[in-house]
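Residue numbers (my numbering), protein chains in the order written: chain H, 1 to 16; chain D, 1001 to 1102.
Yeah, the Cβ is synthetic: ideal placement off N, Cα and C, and Gly gets one too.
See the structure below:
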């Protein structure tokens, strides 16, 4: 069966 | 005591609103064989482009520690309640960040 999936995401941190 | 067990593992993401944006934070919930009388074991599961942000409720390995887990009481405590608390807690302090290419 076609289970809806979500793509993991997270806030961005800029690495100096 | 070194014994091993196969546990049910819920793997997925939870929607977290952080500073006005919705993020899908990847988590894993290991349900013990004594469920629902004992709390599950909960982890944040960063992808290879993310890094764990150790903080109040998450250790460096991504393991989640919450009063809700420590004070787990059946039937007042359940998985839906746990996930609702994770959404609230993680919207205040995200447990993972994406490393930007810049």
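Using a CB distance cut-off of 7 Å, residue 1034 of chain D does not count as an interface residue toward chain H. Any Cβ of chain D closer than 7 Å to the Cβ of residue 12 of chain H would place that residue at the interface, and such an atom is present. Between residue 1020 of chain D and the set D:1098, D:1091 and D:1095, the nearest pair of CA atoms involves D:1091.
Residue 1043 of chain D is a Cβ neighbour of residue 1062 of chain D, given a cutoff of 7 Å. At a beta-carbon threshold of 9 Å, none of the residues of chain D lie near residue 4 of chain H; the nearest stands roughly 11 Å away.
Any Cβ of chain H closer than 7 Å to the Cβ of residue 1043 of chain D would place that residue at the interface, and such an atom is absent. Closest by C-alpha distance to residue 5 of chain H, out of D:1006, D:1011, D:1001 and D:1005, is D:1011. Contiguous beta strand (DSSP E) elements confined to the segment 1027 to 1064 of chain D occur at 1041 to 1044 and 1050 to 1052, taking only those with 3 or more residues.
For residue 1099 of chain D, the pairing in a beta bridge is given by DSSP as H:13.
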